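The listed protein sequences derive, respectively, from chains X and S. By the count of the numbering used here, the first sequence reaches residue 428 at its end, each step adding exactly one. By the count of the numbering used here, the second sequence reaches residue 428 at its end, each step adding exactly one.
2 protein chains.
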Amino acid sequence: MSENVGRWLRDEIENAILSSEFAPGERLDETVLASRFGVSRTPVREALMQLNAIGLIDIRPRRGAVVIDPEPHRIYEMFEVMAELEGLAGSLAARRLDEESRQAITAAHERCERSAKIGDSDAYYYDNEAFHKAIYAASRSEFLEEQCTQLHRRLRPYRRLQLRVRNRLSTSYSEHCGIVDAIFAGDGEGARRLLRSHVGIQGERFSDLVASMATR
Amino acid sequence: MSENVGRWLRDEIENAILSSEFAPGERLDETVLASRFGVSRTPVREALMQLNAIGLIDIRPRRGAVVIDPEPHRIYEMFEVMAELEGLAGSLAARRLDEESRQAITAAHERCERSAKIGDSDAYYYDNEAFHKAIYAASRSEFLEEQCTQLHRRLRPYRRLQLRVRNRLSTSYSEHCGIVDAIFAGDGEGARRLLRSHVGIQGERFSDLVASMATR
DNA sequence: GTCAATGCTCGTGTATACAAGAATGGCGCA
DNA sequence: TGCGCCATTCTTGTATACACGAGCATTGAC
């Protein structure tokens, strides 16, 4: 439990939304949430305000809060921006790589390899997240790291859906290999280009996304 | 005045911070703010929470809120990310340009020309902002537009300082010309490259920034 | 004289009460 | 029987009260 109830609640509700326990479009009643978590309405309101600022829910005056239900084209736009930021992180990482970051990336990359080899999509999901976070950290730009982490969080549910697509696991891993090589070789532009196409969703991957969103 | 007091207050306090009325490092007392704006502490707290989420202030439990005083290297990182996002916006704008966006960009560009010619740095400051926003809109990516607008807002005070630097006005305008040419020619990669170097702060422009921050 | 501990005061964190607006259901009229 | 308007109820928005924690000052002891 975090230092104050509001932040703790924000994390709780955020996780509930990201894990689809609170479905998109669902109304979030302050009183219901308050009794569910055993607190008063005040910290619930604080948590909702923060989620509103993050962009996870929509609060309309006198109308209450609802979980945002983003349209596919908006998800696409978010991936587009994510690709750009990850590309920047990769290019900075390649230029600024130090021993510590190199080890962190290597470790995460090897965990991805194991998960991909045995085809464990859940394990790969977590290892993949660690891999990308290692690259954010290696960029040595705190602000960029924060922005990437935040956007990554919001896109988390859709990333998970993507991994279900046939062959995506091994494709993803082989793309990781190229990215690691570029970063370790100090090839900033190469890392940028590879990360951009790794993260972005072009062509049939967009229809995969739409399809998986429809059947969820 | 906005629909609810909290949002109105957020804007008021945000403007006060961005215009340096509330200096970096300054303590924001809830009671003082409440009496100053003639409201109770509740909406003040809501506004502060939102500003905290945006990243303009820092709220520590039982310690209250202080205006964030970003270090120069962090400002640099923010410009670095901004450059990347604007580059993306420019490349998308070049590929997706329609008549409406073309006219908006042209209009803003011509206003910049007038302000630059007469050396009116304040007018140029506003026209420049409109110019960049026209490019965000031309990208036809709502999410990217939001992200750019938000980051632009946070960097606003420093942009203003930068314009004070000798010759920056005319240099900036001539860079705009190249950007407009690239976008109108449908040259996405050219627009991206030019915008990145236009927005980013490399070399001596970083020391200019640090110097202007110190003497403000 | 200096350092540490305790107590007081100020300010934030949470709860609750009250008011205002929006939505829904019922009743009346066409 | 259907549509529209009014009233009631529910939910949010704001205010205020109370409690807890942190910081600072003062006093006592070494």
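Idealized CB from N, CA, C, for every residue including glycine. Every value quoted in this text rests on a predicted model; they were computed, and no experiment measured them.
Secondary structure, alpha helix (DSSP H): runs of 4+ residues fully inside the stretch 307 to 378 of chain S: For the stretch 307 to 378 of chain S, whole alpha helix (DSSP H) runs of length 4 or above, ordered along the chain, are 311 to 330, 333 to 350 and 354 to 375.
For A277/X, the first and last residue of its enclosing alpha helix (DSSP H): Element bounds for A277/X: not the alpha helix (DSSP H) but the beta strand (DSSP E), G276 to V279.
Contact belief for L407/X with E298/X at Cβ below 8 angstroms, rounded distance in angstroms: Separation of the CB atoms of L407/X and E298/X is rounded to 5 angstroms, and the pair is thereby assigned contact status at 8 angstroms.
Within chain S, partners of L245/X - CB distance below 8 angstroms: Chain order gives no chain S residues near L245/X, where near means a beta carbon separation below 8 angstroms; the closest approach is about 16 angstroms.
Close Cβ partners of Q359/X (< 7 angstroms) along its chain, the five nearest in sequence each way excluded: Correct list, in chain order: L297.
Sequence-distant residues of the same chain with beta carbon closer than 7 angstroms to H388/X, five excluded per side: Around H388/X, the same chain offers H321, C324 and F343 as residues with beta carbons nearer than 7 angstroms, after the five sequence neighbours per side are excluded.
Runs of alpha helix (DSSP H) wholly within the stretch 235 to 308 of chain X (minimum 4 residues, chain order): When DSSP assignments are scanned along the stretch 235 to 308 of chain X, the uninterrupted stretches of alpha helix (DSSP H) that are 4 or more residues long and fall wholly within it turn out to be 242 to 249, 253 to 266 and 284 to 308.
Cross-chain neighbours of V256/X in chain S, by beta carbon under 8 angstroms: Residues of chain S passing the Cβ test: none, with the nearest at roughly 12 angstroms.
CB-CB length for Y336/X against L381/X, believed under 8 angstroms: A Cβ-Cβ distance of about 6 angstroms is found for the pair Y336/X and L381/X, placing them in contact under the 8 angstroms criterion.
Inter-residue spacing [alpha-carbon to alpha-carbon] between R378/S and I225/S: Their Cα atoms are separated by approximately 31 angstroms.
Among A295/S, I395/S and A259/S, the one whose alpha carbon lies nearest that of Q449/S: Beyond the ends of chain S as shown, which are 213 and 428, falls residue 449/S; an answer cannot be given.
Neighbourhood of S252/S by C-beta, 7 angstroms cutoff - its chain only, sequence neighbours within 5 removed: A246, listed in sequence order.
CA-to-CA distance, I347/X to S313/X, given in whole angstroms: Distance between the alpha carbons of S313/X and I347/X is about 8 angstroms.
Environment of A397/S [buried if 16+ CB atoms lie within 10 Å]: Label assigned to A397/S: exposed.
Inter-residue Cα distance where the pair is E311/S and S351/S: Cα to Cα, the separation comes out at about 13 angstroms.
Three-state class that DSSP yields for E401/S in the structure shown: Three-state DSSP puts E401/S in a helix.
DSSP three-state assignment for I413/X, whether helix, strand or coil: Collapsing the DSSP output to three states places I413/X in coil.
Alpha helix (DSSP H) segment containing N216/S, residue limits: Careful: N216/S lies outside any alpha helix (DSSP H) and carries neither H nor E.
Assumed close pair E289/S, L356/X - CB separation to whole angstroms, cut-off 8 angstroms: Taking C-beta atoms under 8 angstroms as the contact rule, E289/S and L356/X qualify, at a distance of about 6 angstroms.
Local Cβ density within 10 Å of G302/X, reported as buried at 16 or more and exposed below that: G302/X is classed as buried because its beta carbon has at least 16 other beta carbons within 10 Å across all chains shown.
S382/S, enclosing alpha helix (DSSP H) - first and last residue: It spans R380 to F396 - the alpha helix (DSSP H) in which S382/S sits, taken as one unbroken run.
Coarse secondary structure for E233/X, derived from DSSP in three states: Residue state for E233/X is assigned as coil, using DSSP reduced to three classes.
Exposure label - N227/X; buried when at least 16 CB within 10 Å: Burial call: exposed.
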